[in-house]
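Participant: Here you go, one structure.
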Ligand SMILES: Cc1ncc(COP(=O)(O)O)c(C=O)c1O
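In UniProt numbering, the protein residues as written are 1 to 377.
Take a look at the structure:
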C-alpha cells in the first residue's frame with residue numbers, strides 16, 4: 001500500500017490535491033471474516049457509512065445486500081443493477097416522498113418505531129442498551145418495550161405486514177453483551193406478535209455497530225449464542241444485519257499534502273488540504289481517533305516514511321479558516337516541509353459521506369484511486 005500511495009503521490013506532485021485509495025482487493029478480508037464467524041447472518045451493508053460506487057459494486061459482487069436510508073441511497077444501489085429485494089429501507093423515520101419512491105421501485109422491507117410512521121406507510125402499499133457504543137442511536141430511534149404492543153396493534157389496523165424485529169445497539173459498540181440483551185428483547189416482541197394472533201414473524205435484524213477489531217470474534221460468539229438460546233426452537237427465521245464500518249473502514253486510505261507550516265519553539269504546526277469540514281469530520285461526528293504517517297517526498301526522498309527520524313510535538317490543522325478545524329494535537333511527527341504528505345489509514349467509515357464544501361474545500365471532489373493489492377479479488 002505504501003508503495004502504491006507513493007507512486008500516486010509522485011505522479012500528483014504537480015496538482016497537490018488530496019486523494020483516497022480504495023483497495024478493492026482487501027474488500028474480501030472483512031467479508032471472509034464475517035462469513036466465517038457469522039455464516040447464518042446475511043449482511044445488508046449500511047450505505048450511509050461510505051457510498052463510494054466502486055466499493056458498493058464490489059460489495060454487491062461479493063453477495064451483500066444493502067441498508068439504505070433515503071431515496072438517493074436506494075437509487076445508487078439500483079443503478080448497480082442490484083434487485084430491490086436485496087435492499088432494506090432501514091430508516092425508522094422517513095420522508096413520505098421517499099416511502100412512495102421505495103414502494104414504486106419494489107423496496108418493500110422497512111423499519112419503524114412510531115405510530116406516525118405506521119400511518120404514513122399505511123396508504124402506500126422494531127429496543128436495546130446502547131451505552132457501550134461510541135455513537136449511540138437510542139435517544140433518537142427505538143421503540144420502548146412498553147410501546148411494542150401498541151405499535152404491533154397499530155400495524156394490524158393499518159393492514160401492514162410485520163415480518164420481524166430490528167434493532168441497532170449503537171455504532172462502534174464495545175459492549176458485545178448489548179446484542180444479548182437486544183436479542184432477548186426481540187424475542188419478547190416476537191412472542192407479543194404471536195399473542196396478538198399476527199402472522200408468524202420471520203426476520204431478526206441485528207443492525208450494525210460491529211467493529212472489525214479483535215473483539216469481533218467475541219461479539220460473533222455472543223450473537224450466535226443469544227440467537228441459539230432465544231430462537232433455537234424457532235423455525236423459518238432469517239437473521240440479517242446492517243454492518244457499515246465493519247466492511248468499509250479498513251479499505252480506504254487518505255493522502256493529503258502539507259500546504260503550510262509554522263514553527264513555534266519546539267512545537268511544529270502543519271496545515272493540510274483536508275480537515276474537520278472534509279473527510280476528517282469523523283473526528284467530531286464519529287468520535288474517531290485518527291492516526292497518520294508521513295510520506296516526505298519533498299524533504300526526505302531517501303527515507304520518505306522517515307523511519308528512525310527524530311520526532312517533534314506537532315499539531316495538524318485542516319485548511320479552513322476555523323480554529324475548530326484541528327485534526328491532531330500533541331502528535332509526534334518528524335520534521336516535515338511543504339508538499340510532504342500525511343497518509344491516514346482506516347478512513348472508510350463515516351468520512352467522505354459527511355464531508356462538506358465549507359470555505360470552498362469540496363470533499364466530494366476528492367478523487368478515489370482503485371488498487372487491487374489483494375490477489376484474491
Ligand atoms: C439504521 C442503521 N443501520 C446501520 C448502521 C451502521 O452502523 P455501523 O456502521 O456501526 O455498523 C447505522 C449507523 O448509524 C444505522 O443508523
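Glycine included, each C-beta is placed from N, C-alpha and C at the ideal position.
1. Contact between the region 115-123 and the region 203-211: three or more CB pairs below 8 angstroms?
2. In or out: residue 39 buried (at least 16 other Cβ within 10 Å) or exposed?
3. Can you look up residue 248 in the DSSP assignment and give me helix, strand or coil?
4. Return helix, strand or coil for residue 334, following the three-state DSSP convention.
5. Does the separation of the CB atoms of residue 240 and residue 41 fall below 8 angstroms?
6. In whole angstroms, give me the CA-to-CA distance for residue 127 and residue 151.
7. If you run the structure through DSSP and keep just helix, strand and coil, what is residue 127?
8. Under the DSSP definition of a beta bridge, which residues are partnered with residue 66?
9. Is residue 164 helix, strand or coil by DSSP?
10. Report the start-end ranges of each beta strand (DSSP E) in the region 264-333 that is 3 residues or longer and not cut off at the edges.
11. What would DSSP say about residue 15, mapped onto helix, strand or coil?
12. Count the other CB atoms, across all protein chains shown, that sit within 10 Å of the CB of residue 337; report buried if there are 16 or more and exposed otherwise.
13. If you follow the alpha helix (DSSP H) that residue 53 is part of, which residue opens it and which one closes it?
14. Residue 125: buried (16+ other C-beta within 10 angstroms of its C-beta) or exposed?
15. Grab me the residues of residue 288's own chain with a C-beta within less than 7 angstroms of its C-beta, minus the 5 sequence neighbours each way, in chain order.
16. Do the CB positions of residue 201 and residue 164 come within less than 8 angstroms of each other?
17. Let me know the secondary structure DSSP gives residue 210 once reduced to three states.
18. Measure from the alpha carbon of residue 168 to the alpha carbon of each residue in 250, 46, 1, then state which is nearest.
19. Confirm, please, whether the CB-CB distance from residue 277 to residue 318 is below 8 angstroms.
20. Taking CB distances under 8 angstroms as the criterion, tell me whether residue 62 reaches chain C.
21. Put residue 8 into one of helix, strand or coil per three-state DSSP.
22. Please determine, among 361, 197, 230, the residue with the shortest C-alpha to C-alpha distance to residue 182.
23. For the beta strand (DSSP E) containing residue 134, list its first residue and its last residue.
24. Name, in chain order, the residues that DSSP records as bridge partners for residue 357.
25. Taking only the alpha-carbon atoms, compute the straight-line gap between residue 203 and residue 85 and give it to the nearest angstrom.
26. Can you give the beta carbon distance from residue 222 to residue 177, rounded, assuming they're within the 8 angstroms contact cut?
27. Where does the unbroken beta strand (DSSP E) through residue 139 begin, and where does it stop?
28. Does the region 127-145 come within contact of the region 75-82, defined as at least 3 CB pairs closer than 8 angstroms?
29. Going by beta carbon distance, what residues of the same chain come within less than 7 angstroms of residue 51, once the five residues before and after it are set aside?
30. Helix, strand or coil, according to DSSP, for residue 364 in the structure here?
31. Name the DSSP beta bridge partners of residue 419, please?
32. Does any heavy atom of ligand 1 sit closer than 7 angstroms to the C-beta of residue 168?
33. Quick one: what's got a C-beta closer than 6 angstroms to residue 351's C-beta in the same chain, skipping five residues either side?
34. Measuring only from the beta carbon, is residue 137 closer than 7 angstroms to any heavy atom that is part of ligand 1?
35. In terms of alpha-carbon separation, which member of 192, 313, 323 lies closest to residue 269?
36. Between the alpha carbons of residue 170 and residue 227, how many angstroms are there, rounded?
Facilitator: Concretely, from the data shown:
1. With a cut-off of 8 angstroms, the region 203-211 and the region 115-123 do not count as touching, because too few Cβ pairs lie within range.
2. The C-beta of residue 39 has fewer than 16 other C-beta atoms within 10 Å across all chains shown, which makes the residue exposed.
3. Residue 248 falls in the helix class under three-state DSSP.
4. Here residue 334 sits in strand by DSSP.
5. With a cutoff of 8 angstroms on beta-carbon distance, residue 240 and residue 41 are scored as near each other.
6. Note on residue 127: pLDDT 47, under 50, position unreliable in the model; the coordinate value appears next. Taking the straight line joining both Cα atoms gives about 13 angstroms.
7. Low per-residue confidence applies at residue 127: pLDDT is 47, beneath 50, and the placement is therefore not dependable enough to give any value.
8. DSSP lists 45, 87 as partners of residue 66.
9. Correct three-state label for residue 164: strand.
10. Listed in chain order, the complete beta strand (DSSP E) runs (minimum 3 residues) inside the region 264-333 are 267-272, 292-295, 311-317.
11. In the structure shown, residue 15 sits in coil (DSSP, three-state: anything other than H, G, I, E or B).
12. Around the beta carbon of residue 337, fewer than 16 other beta carbons sit within 10 angstroms, so the residue counts as exposed.
13. Boundaries of the alpha helix (DSSP H) harbouring residue 53: 53-61, taken from the DSSP string.
14. Below a pLDDT of 50, predicted positions are generally treated as unreliable, and residue 125, at 48, falls in that range; the measurement from the model is reported next regardless. The residue in question, residue 125, is exposed, as its Cβ has fewer than 16 Cβ neighbours within 10 Å.
15. When the five nearest sequence neighbours on each side are left out, the beta carbons in the same chain lying within less than 7 angstroms of the beta carbon of residue 288 are those of 282, in order along the chain.
16. Yes, these two residues count as a Cβ contact at 8 angstroms.
17. Correct three-state label for residue 210: coil.
18. Ranking 250, 46, 1 by CA distance to the CA of residue 168 puts 46 first.
19. Taking 8 angstroms as the cut-off, the beta carbon of residue 318 is found closer than this to the beta carbon of residue 277.
20. Among the protein chains of the structure shown there is no chain C, as only one such chain exists.
21. Residue 8 falls in the helix class under three-state DSSP.
22. For the residues 361, 197, 230, the minimum Cα distance to residue 182 belongs to 230.
23. For residue 134, the uninterrupted beta strand (DSSP E) run begins and ends at 133-135, by DSSP.
24. DSSP output for residue 357 lists no bridge partner at all.
25. If you draw a straight line from the Cα of residue 203 to the Cα of residue 85, it comes to about 14 angstroms.
26. Correct: roughly 6 angstroms between the Cβ atoms.
27. Segment: none, residue 139 is in no beta strand (DSSP E) and carries neither H nor E.
28. Touching, no, given that fewer than three Cβ pairs across the two stretches are closer than 8 angstroms.
29. Within its own chain, the residues whose Cβ lies closer than 7 angstroms to the Cβ of residue 51, once the five positions on either side in sequence are excluded, are 73, 76, 353, listed in chain order.
30. In this structure, DSSP gives residue 364 a helical state, which the three-state scheme calls helix.
31. Residue 419 falls outside the range modelled here, since the chain spans only 1 to 377, and no answer is possible.
32. Yes, since a heavy atom of ligand 1 falls inside the 7 angstroms radius drawn around the Cβ of residue 168.
33. The residues are 279, 282.
34. Relative to ligand 1, the beta carbon of residue 137 is positioned inside 7 angstroms of a heavy atom.
35. Relative to residue 269, the option among 192, 313, 323 whose CA is nearest is 313.
36. Their backbone Cα atoms lie some 19 angstroms apart in a straight line.
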